Amino acid sequence: MKELLDDFIAETRETLQAIEGELIAWERHPGDRETLDGIFRFVHTVKGSCGFLDLPRLTRLSHAAEDALDAVRQGKLEPTSAFVTAVLAIVDRIAAVTDALDTDEAVIDDDAELITALKMICDGTVDPESGVVPKSQPSNVASEPRERRSEARGGAGRNRSVRLSLDLLDHLMSGVSDMVLARNEMARRLRETDAGLELDQLFSRLSSSIAEMRDSIGLVRLQPMERLFASFPRLVRDLGQDLDKDIVLELEGGDVEIDREMIELVRDPLTHILRNAVDHGIENKAERAAAGKTPRATIALSAQQAGNQIVIEVIDDGRGIDTAKLAAKAIASGVTTAEDVATMSQRQKLELIFAPGLSTANKVTDLSGRGVGMDIVRHGIEQMGGTIELRSRLGQGLRVQLRLPLTLSIMAGLIVRAANMLFAIPRSAVVEILSVKSGQVRIDESGGAETAAVRGARMPFVRLTRVMGCAEEDVKSVIVVRPAAGRRYALGIGAVLDHEELVVKPAPPLLMGSGIFAGLTLPDSGRPIMLLDAAGIAEVAGVTDRFEEHLANAEGAAAAPVTRALIFRCLTGVLKAIRLSVLDRMEEVPAAAVRNRGGAMRLSHKGRHGIVLGLQTEPDPEAEPVKLLRLTDGRLDAYIAVADMLDIVDLGRVLPSRGVANIEGVIDHEGSQIELIEAHAFLAEAAAFAGDADLADAPLCYLERDESGWMEKVLKPLIEAAGYRVSHDPQDRGPAIAELLSAEDGRSGRTDRAIYLHDMPGRRGGDSVYRYDRQAILEALARRRDAKEQAA
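Heads up: the sequence shown begins at 39 in the numbering used here, then just goes up one per residue.
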């Protein structure tokens, strides 16, 4: 009987959270009979099993829900929000009682109150819209399945399966980890001795078998993301009702699989992000109406696999983050100063949201206002070796992107030496390895800090021995590291010894508290080695955005950075190149997401919209995914359809083009002449669909620096291609023939040489020019040039 009870508990837990999501989906679409039938089958199965197992309390609960759902199935009752809430309360109680069966803990809540409330709604003795339904606290029921299931639930399509204890799976994984260590040790011994061809072949077979076993057990540990997503529709619905907000949660990527340990670790950060979106991000109904938005708000939660990472995105169509108000709140809270805020970029202001103790809420509520929030979220994500990135558009919404590793148990890493000690570093954080002796990297002291020059590009330099507090030693190798936070720096070490698969274990809390270690690993020798935390080292060493800006402005740090370009193949088969600085991302989207609408190819995918250039005909919806390059200037997005992305190269000399539209110039790559496309022209073409790009004349060869980088990334190549020399140095304003300035920055210090650029398509007249009106900009420059020559 105990085995039957254990099976009942496991099966009920498996289904509970999925049923919550289906109930909420059915509430949105009450005509979906298939979903209603699935919910009814669940409660009917629970009732039947409870009768066999002699569980009268669960029998009463499931019987009440079954009767109510059957009335809806027969058309006797119309489902309302209060009805769904009452059924959800019954489901919550079933979850709590099921959990109590496993833990032998008592659930003292009175079931009769829930059953009576549901019966009164069904009988019509209370207003179904305003009837008060007692709330049963949702149970945090563990959702880890004890078996691997196929996508088809039930029927002949189900794979053969067997239930396994999670402890047994953990034990199997631990055993495989030991086998990996033994294999690594054997490989080291075989390298040291002449074992012969026959023994090498036997070891190769053994190594392959171990790798296959490791991968297979790793797959058993994987869970679909739908196990994580299942509870979130209920969370968003309940919070929305409490705040009187109509919100729908759209889910995508539930079939993506991730290590079950990762699912539990990311559950709390995602819950907090969704609560923030509902409470802070989504406006109330009156505010949405005033902003011209639909009454129903949307939050999109998606997951996709990208290499050895899982990318999770939460996108809402709410108010976004007002960085000015956020900065003011940070100053008032003592997180930063007004002087520091004045030097911050837009991204740095946005990242103030991660400051400990900072809350944007105006008052303390059950949901927010206590200053414990996004800093905890980022800390948890980075502890997993992941990253978190925010992109906000004021009045349009917020995108939160998480990048997480697939697993935490076994990872590829490098073994390095510093101060006669061995350390490991994840290979995913390593960009390249350089030798100081060969001249691949030069270490300089600039502005009181050390920097590393790699092929002309300068970056912060960190000595590992100095971070560890050990005696200094000569740096013989440099590892270019890009940690979770995305700030690249050079790490100086004594030597790189080996690369191998590392079994990662938790480190003692005292060591983890230093902030520079991510765990403990056991290499082939069996001696423990500390795993370095690339992001933690950057923080301890002071590698921040402001530190990098200091290096860039320090005396002697003016070496020209290397400009890079992406080489790709057009759909016509011709090779083209584009400056990497103007690319936001390279991605694949379903062919059905690109449609010919309004005289242009337009993309609509996961809440993103934009013009797609390079496509002559609309793709077949069933065709292969479309590869896109996304260009952005911070406000406007444009996409270029390509056949393939080939290589990223250093951009050397660019030969200017003559009389060819959309082409900045020609570059030489491996003996081939490749046209470098002009990002300004493509963005201008995309901007033309948003409004009239043919504007009147207006006042720019000195370019001011703007927060988005548009002047340098997009406008500078256009001006240089026209034969002008460009400078961002304010000291060059005097001798410059023209000054290109943002119209948003006022008119202080105005001169006759100034050309002001605005971003309002359709506005004519005045003394400014639309920044994507290429012809007007070049004409204004020509007038300033002619005036300068006449004055001379």
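For glycine and all other residues, C-beta sits at the position ideal for the given N, C-alpha and C.
Computed from a predicted model, the values in this text were never measured in an experiment.
Alpha carbon of residue i to alpha carbon of residue j, nearest angstrom
i    : j    : result
R607 : S642 : 23 angstroms
H310 : F267 : 13 angstroms
T304 : P768 : Position check: residue 304 holds Val in this sequence, whereas Thr was assumed. Those two C-alpha atoms are separated by around 47 angstroms.
R501 : L778 : 42 angstroms
I793 : I701 : 24 angstroms
D685 : G507 : 41 angstroms
A259 : G709 : In the sequence on display, residue 259 carries Arg and not Ala. Cα-Cα distance, rounded: 49 angstroms.
R771 : R763 : 12 angstroms
A327 : L651 : 34 angstroms
M412 : A825 : 54 angstroms
R812 : I296 : 48 angstroms
N458 : V438 : 42 angstroms
D360 : L432 : 6 angstroms
Q343 : V294 : 7 angstroms
H417 : A106 : 45 angstroms
A731 : S383 : Annotation note: pLDDT 38 at A731 (below 50); position unreliable, no value reported.
D208 : A48  : 18 angstroms
M211 : D253 : 10 angstroms
M224 : L237 : 11 angstroms
K614 : E713 : 5 angstroms
K543 : G553 : 16 angstroms
A814 : L273 : 53 angstroms
A103 : L667 : 51 angstroms
P657 : V415 : 40 angstroms
R357 : R635 : 28 angstroms
T425 : V349 : 10 angstroms
L96  : V110 : 22 angstroms
L442 : A368 : 29 angstroms
Run of the alpha helix (DSSP H) containing residue i, from where it starts to where it stops
i    : result
K157 : D149 to D161
E660 : That residue, E660, is in no alpha helix (DSSP H); it is neither H nor E in DSSP.
H310 : R298 to N314
G848 : The displayed coordinates of the chain run from 39 to 830. Any statement about residue 848 would go beyond what the structure contains.
T374 : First-last for T374: undefined, no H or E at that position.
T425 : Here T425 belongs to no alpha helix (DSSP H); instead the beta strand (DSSP E) covers T425 to R431.
M506 : L502 to M506
Q386 : Q384 to L388
R265 : E264 to F267
A328 : K323 to A328
Residue i, enclosing beta strand (DSSP E) - first and last residue
i    : result
Q439 : G435 to P443
P271 : It is not in any beta strand (DSSP E) - P271 instead sits in the alpha helix (DSSP H) that spans F270 to D280.
G69  : No beta strand (DSSP E) holds G69; DSSP gives it neither H nor E.
D706 : I701 to H707
I605 : R602 to R607
A490 : A487 to V492
D685 : D682 to D688
E880 : No answer is possible for residue 880: the residues shown for the chain start at 39 and end at 830.
Distance cut-off 7 angstroms: residue i Cβ against heavy atoms of the ligand GTP
i    : result
E660 : Absence of the ligand GTP from the depicted structure is noted, as is the absence of any ligand whatsoever, leaving it without description.
Residues bridged to residue i [DSSP beta-bridge criterion]
i    : result
S515 : S473 and I531
D354 : I337 and L436
E236 : Paired residue(s): none; E236 is not in a bridge.
L669 : L621 and A676
Q343 : I348
I453 : A462 and D536
H634 : Before going further, note that residue 634 is Asn rather than His in the sequence given. N634 pairs with M639.
F555 : L570
I62  : DSSP output for I62 lists no bridge partner at all.
G292 : For G292, which the question treats as bridged, DSSP gives no partner whatsoever.
R646 : H643
K614 : F606 and E713
E38  : Since the displayed the chain opens at 39 and closes at 830, residue 38 lies outside it and no answer follows.
Q261 : I296
Neighbour flag for residue i against chain D, beta carbons, 8 angstroms
i   : result
E72 : Among the protein chains of the structure shown there is no chain D, as only one such chain exists.
Can you list the alpha helix (DSSP H) stretches of 4 or more residues lying completely in the segment 740 to 816, in chain order?
Runs of the alpha helix (DSSP H) inside the segment 740 to 816: 754 to 759.
Whole alpha helix (DSSP H) elements within the segment 87 to 156, 4-residue minimum:
Listed in chain order, the complete alpha helix (DSSP H) runs (minimum 4 residues) inside the segment 87 to 156 are 94 to 111 and 119 to 141.
For the segment 460 to 473 against the segment 385 to 393, are there 3 or more C-beta pairs whose distance is under 8 angstroms?
In this structure the segment 460 to 473 does not lie against the segment 385 to 393, because fewer than three pairs of beta carbons, one per stretch, are closer than 8 angstroms.
Any contact between the segment 108 to 127 and the segment 60 to 77? By contact I mean 3 or more CB pairs, one from each, below 8 angstroms.
A contact exists between the segment 108 to 127 and the segment 60 to 77.
Evaluate contact between the segment 626 to 634 and the segment 688 to 706, counting only Cβ atoms and requiring at least three cross-stretch pairs below 8 angstroms.
Taking 8 angstroms as the limit for Cβ pairs, the verdict is that the segment 688 to 706 does not touch the segment 626 to 634.
Quick check: the segment 120 to 131 against the segment 58 to 66, are at least 3 beta-carbon pairs closer than 8 angstroms?
Yes, they touch.
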